[in-house]
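Trainee: Starting off with a structure, shown below.
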C-alpha cells in the first residue's frame with residue numbers, strides 16, 4: 001500500500017522503522033531536505049502547509065496520514081472529496097489545530113478541560129482573573145505559543161492574536177494517555193504515563209509507565225478517553241495530555257492527533273508500541289495489545305544549551321553498556337540548543353530501579369557539538 | 001558512518017530496520033532490483049560474487065559487512081588491504097564459505113564436529129561406511145548442497161564435486177546459538193534456541209527459546225562457543241548450528257558468519273535482538289545484553305507449494321488479533337513455493353502456551369498468490 005505522511009521528522013521515521021515489518025511503500029513530505037525520513041522513504045521536499053503541495057503529494061496515495069498537526073487541513077479535505085483515505089480525517093485535524101475549536105469540542109462533548117474564554121486580540125475583553133494561561137489559537141508547538149499571565153503587569157506580554165484564555169490548573173501530576181480507533185470502530189488505550197517536564201526547555205523530559213492511580217482517578221481518565229473516542233468520528237491515534245490537580249480532579253490539557261513523545265517508552269515497554277498501533281490504524285487492521293510488560297521510562301536527548309553544529313553524544317558508550325537501556329536517535333546531524341535529537345528508553349523491575357536508572361542515564365550523556 | 005552490506009535480502013532489511021535507531025547511512029549491494037533492502041538504503045544493483053563489483057562497492061565505505069556468505073572473499077581481502085574495515089574479516093568468511101576449510105577449522109581448534117573425509121570428485125575415494133552425509137564444498141544454502149547417502153544404491157546420486165563426506169549424527173535435537181565478538185575482543189552469547197525443521201522444505205520451521213538443557217549439555221555448548229570465539233580472530237556475529245545426539249553429545253553442524261533465521265525470535269523475545277548485536281559488532285560498540293525476557297518462538301512464513309505470483313497472506317488478520325504475536329514480512333511482492341516471505345514471533349509465559357500458540361498461528365495463516 002502507498003502510505004503518504006505529511007511531515008518527515010522523527011515521529012515519521014519511527015513509524016516507518018516499525019512498519020518495515022510489513023510490505024508497504026512510504027512517502028514523506030517535509031520542507032527540510034535532510035529531514036529524518038528523507039533516506040528511508042520516497043521523499044518529497046515541500047511545505048505541508050501549502051494547499052497545492054499537499055494536494056499533489058496526496059493524490060496518488062492509498063492513504064495519507066500526518067506526523068505533525070500543522071498541515072493544510074483544507075487540502076486534506078479536498079483529498080477526502082477525491083476519495084483518498086485521510087487518517088485522522090481532516091475535520092478532527094482542523095479541530096485540534098485550532099485551540100479555540102479544540103476547547104469548544106471538549107465543551108460540546110462534556111470532556112473536562114479547564115474553563116476558558118475566547119480572546120480575539122485585546123486584553124480588554126478578558127474576564128478571567130489572574131493567574132491564567134494564554135494559548136495562541138494556531139501555531140503552538142512543543143510548549144511554544146503558551147504563556148502564563150500572573151498579574152496586570154504581565155498583561156503587557158499578552159499576545160495580541162486570537163487565543164484561548166484558560167484558567168490555570170494547580171497541577172499535581174502531568175499524565176498522558178494514548179488512544180487509538182480504527183475505521184471499523186475498534187478502540188484501544190495505552191496505559192497512562194506520567195511526565196516530568198524540564199521547566200527550562202518546556203520539552204518532555206522523563207516519562208514513566210505504568211502510573212499507579214486511585215480507582216477514582218483511573219475512572220475519570222477512562223471516562224475521558226471513552227468520551228473522546230466516541231466523539232471523534234475518525235480513525236486515528238491521539239495523545240491526550242492530562243493534568244491531575246491537587247484535589248484529585250483530571251483535566252484535559254490538550255490533544256495531539258498523532259504519535260507523541262509521551263508514548264516513546266512503548267517501543268520496548270509495552271507489548272506493542274504506539275508506532276505499531278498507528279500502523280494498524282492507518283491500515284484499518286485489528287488493533288494491537290498495549291499491555292505494559294514491565295516498568296518503563298523515557299528521557300529525551302535534547303541539544304545542550306551551548307552547542308550548535310555537528311552532533312556528538314558524549315557518554316553514549318557508557319549508556320550502551322547498561323542492560324535494558326535503548327537508545328533511539330533521529331538521524332539529525334546538526335544539534336541546536338533544545339533540539340530533540342533522540343531519546344533513551346529504560347526498562348526496570350520496579351519504580352525505584354526505574355527512577356534510579358533514568359537519573360543515572362541522564363547524568364551520563366550530553367548532547368554537544370564538534 | 002557509511003555502512004556497506006553485501007546482500008540486500010531480509011537479513012539486511014531487518015538489520016537496517018533496527019539500526020534506524022542510530023545515525024548511520026546504509027548501502028546495500030544485491031543482484032535483484034527489488035531486493036528487500038532496495039528502498040530503505042542506498043542501493044546498488046550488482047553481483048556480490050564479482051570481484052570488481054564488490055571492490056567498487058566497498059572502496060568508499062567506513063565498514064563493509066555481509067548478510068549472505070556467498071560473496072567474493074578475495075575482494076573483501078583487497079578492501080582490507082586498502083584499509084577498509086570488513087566485518088567479519090575476509091579470512092573467516094572464506095573459511096566458512098568452503099565446507100572443507102570449515103571442517104578443518106573445527107578440527108584444528110578441537111571443536112567437536114562430525115568425523116569427515118574430503119572427497120574431490122569420485123566415490124571410489126570414500127572410506128566412510130553408510131549412511132553418511134555429503135556436503136558440497138561451496139554453494140550450499142538453506143539445505144541445498146547437502147544430501148544423505150544411505151546405501152551403495154544411493155551412490156549413483158553422489159555429486160561429483162569437491163565435498164565433505166561426514167558421518168551422520170543420530171539427532172535428538174537441533175540447537176542453535178548466536179555468538180558475537182567485537183573488535184575490542186568483547187564477546188556475548190545468546191541463549192540457546194531449539195529448531196524444529198520441516199522435513200519437506202528443509203527450511204527452519206519453529207524455533208523456540210529458552211531451551212532447558214542439562215548442565216552437562218550446557219557445558220559442552222559453552223565450551224564450543226568459547227573455543228569458537230577464541231579461534232576466529234575476527235569481529236562478527238555468528239550462528240553456530242548444533243546437533244545434540246541421542247547419547248547427549250553436542251556436535252557443531254555448521255556455522256554461518258552472519259545474522260541467522262534461528263535468531264529471529266530475539267526481536268521481541270530477548271533484551272536485545274541479534275540485529276542490535278550485529279550493529280554493535282559492526283560499529284565496535286559495547287555488546288548488548290541478550291537475556292531471554294520470556295518464552296519466545298518463531299515460525300517462518302514460507303511460500304505455499306502450489307503458489308507463484310503476487311503474494312497474499314491468508315488469515316493474517318486473525319494473527320494480528322493475537323496478543324504478543326509479531327508479524328515480520330520481508331517486503332517481497334512475489335511468492336514462490338518454499339520462498340521465505342516473512343516470519344512470526346510469539347511470546348508466552350510457559351513452554352506449553354508457546355507451543356500451543358505456535359501451532360495455532362501456523363494453522364491460521366497461509367502464503368498464497370493472487
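Chains as they are written, first to last, in UniProt numbering: chain A, 1 to 370; chain B, 1 to 370. Ideal Cβ placement from N, Cα and C applies to all residues, glycine included. Just so it is clear, the structure is predicted and the values come from calculations on it, not from any experiment.
1. Quick one: using the 10 Å Cβ neighbour count with 16 as the cut-off for buried, is residue 248 of chain B buried or exposed?
2. Output yes or no for whether 8 Å exceeds the beta carbon distance between residue 4 of chain B and residue 57 of chain B.
3. Looking at the C-beta of residue 354 of chain A, does it have a partner C-beta in chain B at a distance below 8 Å?
4. Of all the beta strand (DSSP E) runs that stay within the bounds of the segment 135 to 200 of chain B, which reach a length of 3 or more residues?
5. Mind the definition here: the segment 85 to 94 of chain A touches the segment 125 to 138 of chain A only if three or more C-beta pairs lie below 8 Å; say whether that holds.
6. In this structure, what does DSSP give as the bridge partners for residue 119 of chain B?
7. Go to residue 275 of chain B, then tell me how far its alpha helix (DSSP H) extends in each direction, as first and last residue.
8. Relative to the C-alpha of residue 282 of chain B, which residue among B:183, B:215, B:336 is closest?
9. May I ask which residues mark the beginning and end of the beta strand (DSSP E) holding residue 300 of chain A?
10. Going by C-alpha to C-alpha distance, which of B:227, B:262, B:102 sits closest to residue 11 of chain B?
11. Candidates B:224, B:264, B:170, B:250: which alpha carbon is nearest residue 15 of chain B's?
12. For residue 103 of chain A versus residue 164 of chain A, is the C-beta distance shorter than 8 Å?
13. So, helix, strand or coil for residue 292 of chain A, using DSSP?
14. Please list the segments of the beta strand (DSSP E) lying wholly inside the segment 22 to 52 of chain A, counting only runs of 3 or more residues, in order along the chain.
15. For residue 28 of chain A and residue 41 of chain A, which I take to be in contact (beta-carbon distance under 8 Å), what is that distance rounded to the nearest angstrom?
16. Between which residues of its own chain and residue 243 of chain A is the CB-CB distance below 6 Å, once the five residues before and five after are set aside?
17. Could you tell me whether the segment 176 to 195 of chain B touches the segment 271 to 288 of chain B, using the rule of 3 or more Cβ pairs below 8 Å?
18. Determine, using beta-carbon pairs with one atom in the segment 299 to 315 of chain B and one in the segment 327 to 341 of chain B, whether at least three such pairs fall under 8 Å.
19. Does DSSP put residue 211 of chain A in a helix, in a strand, or in coil?
20. Consider the Cβ of residue 172 of chain B: report whether some Cβ of chain A lies at a distance smaller than 8 Å.
21. Leaving out five residues before and five after residue 88 of chain B in sequence, what residues of the same chain have Cβ atoms less than 7 Å from its Cβ?
22. Give the secondary structure of residue 313 of chain A by DSSP, where H, G and I count as helix, E and B as strand, and everything else as coil.
23. Grouping DSSP H, G and I as helix and E and B as strand, with all else coil, what is residue 325 of chain A?
24. Please name the residue, chosen from A:352, A:318, A:350, A:173, that lies closest to residue 344 of chain A on a Cα-to-Cα basis.
25. Near residue 167 of chain B, what residues of its chain come up, given a Cβ to Cβ distance below 8 Å and the 5 sequence neighbours on each side ignored?
26. Using a Cβ-Cβ cutoff of less than 8 Å, which residues in the same chain neighbour residue 98 of chain A once the five nearest sequence positions on both sides are dropped?
27. To the nearest angstrom, how far is it from the Cα of residue 150 of chain A to the Cα of residue 135 of chain A?
28. Mind checking if residue 303 of chain A is an interface residue toward chain B, Cβ cutoff 8 Å exclusive?
29. Expressed to the nearest angstrom, what Euclidean distance is found between the alpha-carbon atoms of residue 215 of chain B and residue 175 of chain B?
30. Return no unless some Cβ of chain A is closer than 8 Å to the Cβ of residue 40 of chain B.
31. Quick one: which residues of the segment 18 to 33 of chain B get their C-beta closer than 8 Å to a C-beta of chain A? List them in chain order.
32. What residue does the alpha helix (DSSP H) around residue 354 of chain B start on, and which one ends it?
33. Taking just the CA atoms, how far does residue 361 of chain B sit from residue 328 of chain B?
34. Take residue 45 of chain B and list the residues in its own chain whose beta-carbon comes closer than 6 Å to its own, dropping the five residues that flank it on each side.
35. Rounded to the nearest angstrom, how far is the Cβ of residue 341 of chain B from that of residue 351 of chain B, given a contact under 8 Å?
36. Please determine, among A:153, A:226, A:119, the residue with the shortest C-alpha to C-alpha distance to residue 162 of chain A.
Mentor: Quick look at the numbers:
1. exposed
2. yes
3. no
4. 146 to 149, 163 to 167, 171 to 181, 187 to 189, 193 to 198
5. These segments do not touch.
6. B:163
7. 274 to 282
8. B:183
9. 295 to 302 is the span of the beta strand (DSSP E), which, as asked, contains residue 300 of chain A.
10. B:262
11. B:264
12. Yes, these two residues count as a Cβ contact at 8 Å.
13. Annotated three-state conformation of residue 292 of chain A is strand, per DSSP.
14. 25 to 30, 42 to 45
15. 5 Å
16. 169, 171, 251, 253
17. yes
18. yes
19. coil
20. no
21. 234, 235, 236, 257
22. strand
23. In the structure shown, residue 325 of chain A falls within a strand segment according to DSSP collapsed to helix, strand and coil.
24. A:318
25. 114, 115, 116, 128, 132, 133
26. 137, 138
27. Taking C-alpha positions only, residue 150 of chain A is separated from residue 135 of chain A by approximately 14 Å.
28. Interface with chain B (8 Å Cβ-Cβ cutoff): residue 303 of chain A is excluded.
29. 15 Å
30. yes
31. 20, 21, 22, 23, 25
32. Residue 354 of chain B: member of the alpha helix (DSSP H) spanning 351 to 364, first to last residue.
33. Going by the C-alpha atoms only, they are around 13 Å apart.
34. 33
35. The beta-carbon separation of residue 341 of chain B and residue 351 of chain B, rounded to 27 Å, does not stay under the 8 Å limit for a contact.
36. A:119
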